[in-house]
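These protein sequence lines map, in sequence, to chains A and B.
So the first sequence is residues 157 to 366, counted in our numbering.
So the second sequence is residues 18 to 103, counted in our numbering.
Built from N, CA and C at the ideal position, the CB exists for glycine as well.
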Amino acid sequence: MPIGSEYYYLPVLVLAFLVLDLFIDVKSLPAILGHLFFWLYWMIYSAAAETALYFLHQNSATNGSPGGIPNLLLAFAAILATTTVLQSLTFKVGGKPVLDFSRYLDDYRRGVLSSSAECKARFEKRRVLKQSGLILKKVNYKVGEPEDEIRMKTIYADAMLFGARDSAIVNREIVEIEQSCVNSGGSFGALVASRVAQTDPEWVKNFLAS
Amino acid sequence: MAATIEIAQAQASLYQDFDTTRVFKFILQKSAAPGWMVVKELGQDADKTKASLVKLRNLGLLEGSGDGLDGFYHSTSLGYALNEVL
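Right under this line is the structure:
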C-alpha cells in the first residue's frame with residue numbers, strides 16, 4: 157500500500173497542536189521549541205498519531221466508505237484519537253490503577269512546561285542584561301562621575317516609585333545598592349539599571365524611546 | 018503517590034495565604050519573572066513578596082536563579098500540578 161501524503165504532514169499538525177497546547181501556559185514560542193524535552197514529547201505524540209492514522213485508514217478501507225474520507229479530516233481525527241486515548245490510558249485491576257499511562261504523560265507534559273518556563277527565565281535574564289546596557293549607554297554613564305550617579309538615582313526613583321511605596325523606601329533601597337557596591341566593588345549604575353530593567357520593561361522601553 | 022502528597026502539602030500551606038498565592042499565580046501566568054517585577058505588578062510590599070518567594074521555593078513550587086527579589090523565578094512541575102487543582 158503506498159504511503160499517503162497525510163502521513164508526512166501529520167507530524168506538522170501534531171507540532172502545531174502541541175505548541176498551541178503549551179503556548180497557553182508558557183506564552184513564548186522560542187521557550188517551547190528551545191529544549192530537547194519538547195521534541196521528545198513531539199516524537200512520542202507523532203508516533204502515536206501515525207499509528208492512529210494507520211488504523212483509521214484500515215477502518216475506512218474495511219468499511220468501504222464511498223469516495224473515502226478527506227485525508228486532512230482523517231489526520232485531525234488521528235490527533236483527536238491520540239489525545240483522548242493517551243489522556244485516559246489506564247490499566248486497572250480490582251478497580252485500582254496498576255499502570256496509569258495518562259499520569260506518566262501528564263507528568264511528562266508538566267516537565268516540558270517547567271523546562272520551557274526555565275528557558276523563558278533565561279530569555280528574561282538576557283532581556284534585562286540588554287536593557288541595562290542600553291540604559292547605561294543612553295545616560296552615557298561613567299563610573300565614579302557624581303553627575304552620572306545622581307542621574308542614575310533619579311532614574312531609580314522614577315521607575316521604582318509605584319503603588320504604596322514612598323520616597324523613604326526608595327531612598328533606603330538606593331543606600332542599600334550603594335552599600336552593596338562598596339562591599340562587592342560593583343558599578344552603582346549597572347546595578348540600578350539592572351534593577352530597573354527587572355522591575356519594569358515597559359518603563360525602560362519608554363525611557364529609551366524618549 | 019509522593020507527588021500527590023507534596024501537592025496536598027503545598028495546597029495546605031497556601032491555604033489562606035493570599036499574598037503568596039497571588040505571587041504564585043502571577044509567576045504561573047508569566048511562566049517566568051524576576052522578583053522585582055512581581056513587586057511592581059502586584060503592588061505588594063517588597064519584604065512580603067520576598068518572603069512569599071522564599072516560601073514558594075521551599076515548597077518546591079518555584080525554582081529560581083539568584084536570591085531574593087533579584088532572582089528570576091519559574092514554576093516547577095509540582096507548581097504546574099498544583100495549578101491544576103487550585
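Establish whether the CB of residue i and some CB of chain A are separated by less than 8 Å.
i: B/Lys-107; result: Summary: the structure shown does not reach residue 107 of chain B, with chain B confined to residues 18 through 103, and so no result is reported for it.
i: B/Ala-27; result: no
i: B/Phe-89; result: yes
i: B/Gly-77; result: no
i: B/Ala-68; result: no
i: B/Gly-60; result: yes
i: B/Lys-57; result: yes
Cβ atoms of residue j and residue i: under 8 Å apart, would you say?
i: A/Ile-188; j: A/Ser-270; result: no
i: B/Ser-94; j: B/Ile-44; result: no
i: B/Lys-57; j: A/Asp-356; result: yes
i: B/Ala-49; j: A/Lys-276; result: yes
i: A/Gly-345; j: A/Tyr-297; result: yes
i: A/Glu-280; j: B/Pro-51; result: yes
i: B/Leu-31; j: B/Thr-21; result: no
i: A/Val-360; j: A/Ile-306; result: no
i: A/Ala-205; j: A/Ala-234; result: yes
i: B/Leu-15; j: B/Val-40; result: Lying outside 18 to 103, the shown extent of chain B, residue 15 of chain B is not represented and no answer is given.
i: B/Trp-53; j: A/Gln-335; result: no
i: B/Ala-25; j: B/Leu-78; result: no
i: A/Val-299; j: A/Ser-343; result: yes
i: B/Lys-65; j: B/Asp-36; result: yes
i: A/Leu-364; j: A/Lys-309; result: no
Any Cβ of chain B within less than 8 Å of the Cβ of residue i?
i: A/Asp-263; result: yes
i: A/Ser-270; result: yes
i: A/Arg-266; result: yes
i: A/Asp-356; result: yes
i: A/Arg-351; result: yes
i: A/Ala-233; result: no
i: A/Ala-313; result: no
i: A/Ala-273; result: yes
Reducing DSSP to helix, strand and coil, say where residue i ends up.
i: A/Asp-256; result: strand
i: B/Pro-51; result: strand
i: B/Glu-80; result: strand
i: A/Tyr-297; result: coil
i: A/His-191; result: coil
i: B/Phe-43; result: helix
i: B/Ser-94; result: helix
i: B/Lys-57; result: helix
i: A/Lys-248; result: strand
i: B/Phe-89; result: strand
i: A/Pro-226; result: coil
i: A/Ala-320; result: coil
i: B/Gln-33; result: coil
i: A/Asp-314; result: helix
i: B/Asp-62; result: coil
i: B/Leu-73; result: helix
i: B/Gln-28; result: helix
i: A/Gly-341; result: coil
i: A/Ile-330; result: helix
Original post:
Are at least three pairs of beta-carbons, each pair with one atom in the stretch 163-179 of chain A and one in the stretch 188-201 of chain A, less than 8 Å apart?
Top reply: yes
Original post:
In the stretch 162-196 of chain A, which residues sit with their C-beta less than 8 Å from some C-beta in chain B, listed in chain order?
Top reply: Asp-181, Val-182, Lys-183, Ser-184, Ala-187
Original post:
If you pair each beta-carbon of the stretch 72-84 of chain B with each one of the stretch 347-363 of chain A, do three or more pairs fall below 8 Å?
Top reply: With a cut-off of 8 Å on Cβ pairs, the stretch 72-84 of chain B is not in contact with the stretch 347-363 of chain A, counting fewer than three such pairs.
Original post:
Listed in chain order, which residues of the stretch 276-288 of chain A have Cβ atoms closer than 9 Å to some Cβ of chain B?
Top reply: Lys-276, Ala-277, Arg-278, Phe-279, Glu-280, Lys-281, Val-284
Original post:
So, do the stretch 315-334 of chain A and the stretch 50-70 of chain B have three or more beta carbon pairs nearer to each other than 8 Å?
Top reply: yes
Original post:
Pairing CB atoms from the stretch 160-171 of chain A with CB atoms from the stretch 245-259 of chain A, are three or more of them under 8 Å?
Top reply: no
Original post:
For the stretch 201-210 of chain A against the stretch 230-237 of chain A, are there 3 or more C-beta pairs whose distance is under 8 Å?
Top reply: Cβ pair count under 8 Å is three or more, so yes.
Subject >> Residues, ordered as in the chain, of the stretch 318-333 of chain A that lie near chain B by beta-carbon distance below 9 Å >> reply: Listed by position along the chain: Phe-318, Gly-319, Ala-320, Arg-321, Ile-325, Glu-329.
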